[in-house]
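To convert, note that position 132 of the sequence shown is 131 in numbering that gives the first Met the number 0; the numbers rise steadily by one, no gaps. For glycine and all other residues, C-beta sits at the position ideal for the given N, C-alpha and C. Below is one structure, written out as structure tokens; comments come after it.
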Amino acid sequence: MTSLLKLKEIIKPIVDAENLNLYDIVWTQEGKMKILQVSIIDKSGKMDIDTCAKVSGYISDKLDELDIINYEYYLEVCSPGAERELRNDEELMSALGDYVYVKLKDPKAGLDEIKGYLKAVDEETIQVEYLLKTVKKQISIDKSNIRLIRLSVKI
């Protein structure tokens with residue numbers, strides 16, 4: 000399959016020109032169909048289907064013009080999802096105040112997972128405000144103890 004780094008070099012300027020962020024590029028496969036999945040998001044953390052369709056057209060035109068993928072594939076431009084993983088400090092900072100799910104490597108305060116509001120982020124830790132029964136609590140978590148952190152939909 001065509002290198003993801005090469006594809007990123009081609010796709011990122013197109014996404015940037017639309018004032019969007021490129022969240023991820025992955026190759027997946029369903030049956031025999033190869034799928035190039037491009038996840039995009041706007042600066043506020045949202046995405047709509049019309050924008051995805053427009054950007055898909057631009058990316059498709061550019062890939063067709065360059066003709067670097069020499070096999071049949073399907074291009075899918077989409078949102079990274081409402082419960083997307085927060086993978087770096089920039090994404091953590093953009094999620095301040097948002098409801099998150101944190102899975103810990105080692106339990107802290109008797110908890111191995113926490114759902115709550117991301118209150119602070121620094122170089123070493125994050126702060127999450129959560130409810131224990133009906134009492135608001137705040138916990139400081141070392142980033143090195145985080146197995147997974149993602150946005151969460153509060154129901």
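Bounds of the beta strand (DSSP E) holding ASP41 are 32-41. The criterion of a C-beta distance shorter than 8 Å is not satisfied by LEU117 and LEU103. Here the alpha carbons of THR50 and LYS153 stand approximately 26 Å from one another.
Residue pairing of SER139 in beta bridges, as defined by DSSP: GLN126. For THR50, the uninterrupted alpha helix (DSSP H) segment begins and ends at 48-65. The three-state secondary structure of LYS132, taken from DSSP, is coil.
DSSP places PRO106 in the uninterrupted beta strand (DSSP E) bounded by 98-107. Note that the C-beta distance between ALA119 and ILE138 is not below 8 Å.
With 16 or more other Cβ atoms inside 10 Å of its own Cβ, ASN20 counts as buried. Distance from the CA of LYS11 to the CA of SER93, rounded to the nearest whole angstrom, comes to 20 Å.
Residue pairing from DSSP places TYR116 in a beta bridge opposite TYR98 and GLU128. Excluding its 5 nearest sequence neighbours in each direction, GLY44 has C-beta neighbours in its own chain below 7 Å: SER93, listed in chain order. With fewer than 16 other CB atoms across the displayed protein chains lying within 10 angstroms of its CB, GLY56 is exposed. With respect to the 8 Å criterion, LYS142 and GLU123 are classified as neighbours on the basis of their beta carbons.
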